[in-house]
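Visitor:
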Amino acid sequence: MTLRSSLRALLAPTLKRLPRVWSLVKQADRSIERTRHSVARVLPMVIQPQPRQLHVAITAHCNQRCIGCRYGRDFMPGSQLEWPMARLLLDDAADAGFWQIRLYGGEPLLHPDLERMVAHTVARGMQPYVTTNAVLLQHRIDGLYRAGLRHLNVGFYGVGASYDEYVQRHRSFERMEAGIAAVRDRYGMDVTMRINWLLMRPSCNLDDLDLACRFAERYRLRIQVDLVHYSLPYFSEGPDRELQFRPEDRPNVERVADDLLRRQREQPGLFFHSAIALRSIPDWVIKGPAMRVPCDASQMVWVGADGTVQLCYVTFPFGNLHQTRLRDMMNTAAHRCAVRDAFALNCPNCHCGYDTRVEKDAASARHYAKLLGPS
Numbered sequence: 141m142t143l144r145s146s147l148r149a150l151l152a153p154t155l156k157r158l159p160r161v162w163s164l165v166k167q168a169d170r171s172i173e174r175t176r177h178s179v180a181r182v183l184p185m186v187i188q189p190q191p192r193q194l195h196v197a198i199t200a201h202c203n204q205r206c207i208g209c210r211y212g213r214d215f216m217p218g219s220q221l222e223w224p225m226a227r228l229l230l231d232d233a234a235d236a237g238f239w240q241i242r243l244y245g246g247e248p249l250l251h252p253d254l255e256r257m258v259a260h261t262v263a264r265g266m267q268p269y270v271t272t273n274a275v276l277l278q279h280r281i282d283g284l285y286r287a288g289l290r291h292l293n294v295g296f297y298g299v300g301a302s303y304d305e306y307v308q309r310h311r312s313f314e315r316m317e318a319g320i321a322a323v324r325d326r327y328g329m330d331v332t333m334r335i336n337w338l339l340m341r342p343s344c345n346l347d348d349l350d351l352a353c354r355f356a357e358r359y360r361l362r363i364q365v366d367l368v369h370y371s372l373p374y375f376s377e378g379p380d381r382e383l384q385f386r387p388e389d390r391p392n393v394e395r396v397a398d399d400l401l402r403r404q405r406e407q408p409g410l411f412f413h414s415a416i417a418l419r420s421i422p423d424w425v426i427k428g429p430a431m432r433v434p435c436d437a438s439q440m441v442w443v444g445a446d447g448t449v450q451l452c453y454v455t456f457p458f459g460n461l462h463q464t465r466l467r468d469m470m471n472t473a474a475h476r477c478a479v480r481d482a483f484a485l486n487c488p489n490c491h492c493g494y495d496t497r498v499e500k501d502a503a504s505a506r507h508y509a510k511l512l513g514p515s
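Encoded structure:
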């Protein structure tokens, strides 16, 4: 466990009860990370594994068939992490100093042991959050809440028929909304929720953004803007790449980005991202791999439903849980090499973590702050 992880485990429970102090601590952490990234431009060796977030696809099973996703079809078909292996994984994660555990899929609410995973994560002093399509949420939320779950992310692909067409399931939007409403009705704001609004070519318009914002306001949700992908192994760009942006789309993306920034100024708590991150969106979706912003995957590890362990969603494999414990893959020569290669973008150079990457890279932060103009 790193010194920073040890200090966080010791102090975070107290500091989180002091919002102003906790905000200052997070600002200081961002400053430290920006300095570290700047130094790493000259001295790459300062980039070392810093375990913070473990992303675990606990199952490949899914009850939707999203146009842009291959889970449940031809990506790790039939795979699922069983409870004994998940328990050992979570124990190793706690010992390594991870802060947050993301449990997702596929569709995690299809996993019969999700509550046990949440409870064990909490018992080991880490913060779990679940990324779900929420279709089954009204039936599972009570057990998850009792297990200690307080944070939910919900995939969001439009409203009404637009959502159903994308997930290719009739009345799916209705069930998703019922799940979110059930959480608010039963637990109020004791459970934080945000919707992951997927910005793709079909949804990149002011009307769809307005509908997403209205939905978020109705249920007191935050919005995370996810960008349509081009390198995730479980992602599809759709027939004829219909979901992916093209150079001629830049004016439209700029209009949406401008409206995102306007709304953020008017409702500062609505969006998960900073203004700098929102301002960078047009470049990320139009330039794609040509965006050369150092990656901060040094702070994560990804685990697939078949036991695959790698640095991130896309690449840098370490091994498989069916052969090796996570503890024996952490901070190895392969792990240390992977985090430096990720920082140097010796990889497909995806846009995962686009928001934190532009915040941590001093040159990018200055560039997009300048584009924002006077505050």
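To convert, note that position 186 of the sequence shown is 326 in the working numbering; the numbers rise steadily by one, no gaps.
Beta carbons: idealized from backbone N, C-alpha and C, even for Gly.
In the DSSP assignment, the alpha helix (DSSP H) including phenylalanine 355 goes from what residue to what residue?
Guide: Taking the sequence shown and counting its residues from 1, one reaches residue 355 at position 215. Phenylalanine 355 -> alpha helix (DSSP H) spans 346-358.
Visitor: Taking the C-alpha atoms as reference points, what is the distance between asparagine 273 and aspartate 304?
Guide: Counted from its first residue, the sequence shown places residue 273 at position 133. Counted from its first residue, the sequence shown places residue 304 at position 164. Distance between the alpha carbons of asparagine 273 and aspartate 304: 12 Å.
Visitor: Let me know if cysteine 452 comes out buried or exposed under the rule of 16 or more other beta-carbons within 10 Å of its beta-carbon.
Guide: Taking the sequence shown and counting its residues from 1, one reaches residue 452 at position 312. Cysteine 452 comes out buried.
Visitor: Can you give me the C-alpha to C-alpha distance between arginine 174 and asparagine 489, rounded to a whole angstrom?
Guide: Translated into positions along the sequence shown, residue 174 becomes position 34. Translated into positions along the sequence shown, residue 489 becomes position 349. Approximately 19 Å, taken between the alpha carbons.
Visitor: Could you check where the alpha helix (DSSP H) with tryptophan 424 kicks off and where it finishes?
Guide: Start at 1 with the first residue of the sequence shown, and residue 424 comes out as number 284. It spans 415-427 - the alpha helix (DSSP H) in which tryptophan 424 sits, taken as one unbroken run.
Visitor: DSSP three-state label for asparagine 392, please.
Guide: Translated into positions along the sequence shown, residue 392 becomes position 252. Asparagine 392 falls in the helix class under three-state DSSP.
Visitor: Our contact map puts arginine 419 next to leucine 292 with C-beta atoms below 8 Å; I'd like the distance itself, whole angstroms only.
Guide: Numbered from 1 along the sequence shown, position 279 holds the residue referred to as residue 419. Numbered from 1 along the sequence shown, position 152 holds the residue referred to as residue 292. Contact doesn't hold; Cβ gap of about 28 Å is too wide.
Visitor: Distance check for cysteine 487 and threonine 455, CA to CA, integer angstroms please.
Guide: Residue mapping note: residue 455 aligns to position 315 of the sequence shown, counting from 1. Residue mapping note: residue 487 aligns to position 347 of the sequence shown, counting from 1. Taking the straight line joining both Cα atoms gives about 7 Å.
Visitor: At which residues does the beta strand (DSSP E) containing glutamine 459 begin and terminate?
Guide: Position 319 of the sequence shown, counting from 1, holds the residue named residue 459. Note on residue identity: the sequence assigns glycine, not glutamine, to residue 459. Start and end: 457-460.
Visitor: Go through the region 164-244 residue by residue and report every complete run of the alpha helix (DSSP H) that reaches 4 residues or more, in order.
Guide: With a minimum length of 4 residues, the continuous alpha helix (DSSP H) runs that stay inside the region 164-244 are 223-236.
Visitor: Where does glycine 319 fall in DSSP's three states?
Guide: Within the sequence shown, residue 319 is the residue found at index 179, counting from 1. Three-state DSSP puts glycine 319 in a helix.
Visitor: In whole angstroms, what separates the C-alpha of glutamate 499 from that of isoleucine 416?
Guide: The count along the sequence shown starts at 1 and reaches residue 499 at position 359. The count along the sequence shown starts at 1 and reaches residue 416 at position 276. Going by the C-alpha atoms only, they are around 7 Å apart.
Visitor: At which residue ranges does the region 254-314 contain complete beta strand (DSSP E) runs of 3 or more residues, listed in the order of the chain?
Guide: Complete beta strand (DSSP E) runs here, min 3: 267-272 and 291-296.
Visitor: Under DSSP, the beta strand (DSSP E) around aspartate 366 begins and ends at which residues?
Guide: Counting from one through the sequence shown, the residue named residue 366 turns up at place 226. Aspartate 366 -> beta strand (DSSP E) spans 362-367.
Visitor: Might you give, ordered along the chain, the residues of its own chain that have their beta carbon closer than 6 Å to the beta carbon of glutamine 267, omitting 5 neighbours on each side?
Guide: For this step, residue 267 is matched to residue 127 along the sequence shown. Contacts found: Gln240.
Visitor: Taking Cβ to Cβ, would you say alanine 236 is nearer than 8 Å to arginine 480?
Guide: Stepping through the sequence shown from its first residue, residue 236 is reached at position 96. Stepping through the sequence shown from its first residue, residue 480 is reached at position 340. Against a cut-off of 8 Å, the Cβ pair of arginine 480 and alanine 236 comes out as no contact.
Visitor: So, for alanine 259: in the same chain, excluding its five sequence neighbours on each side, which residues have a beta-carbon less than 7 Å away from its beta-carbon?
Guide: As a working note, residue 259 is residue 119 in the sequence shown. Ala287 and Gly288.
Visitor: Can you give the Cα-Cα distance for glutamine 308 and valine 196, rounded to whole angstroms?
Guide: Taking the sequence shown and counting its residues from 1, the one referred to as residue 308 is at position 168. Taking the sequence shown and counting its residues from 1, the one referred to as residue 196 is at position 56. Between glutamine 308 and valine 196, the C-alpha separation is close to 25 Å.
Visitor: Go ahead and label proline 434 buried or exposed: buried means 16 or more other beta carbons lie within 10 angstroms of its beta carbon, across all protein chains shown.
Guide: Against the sequence shown, residue 434 aligns to sequence position 294. With 16 or more Cβ atoms within 10 Å of its Cβ, proline 434 is classed as buried.
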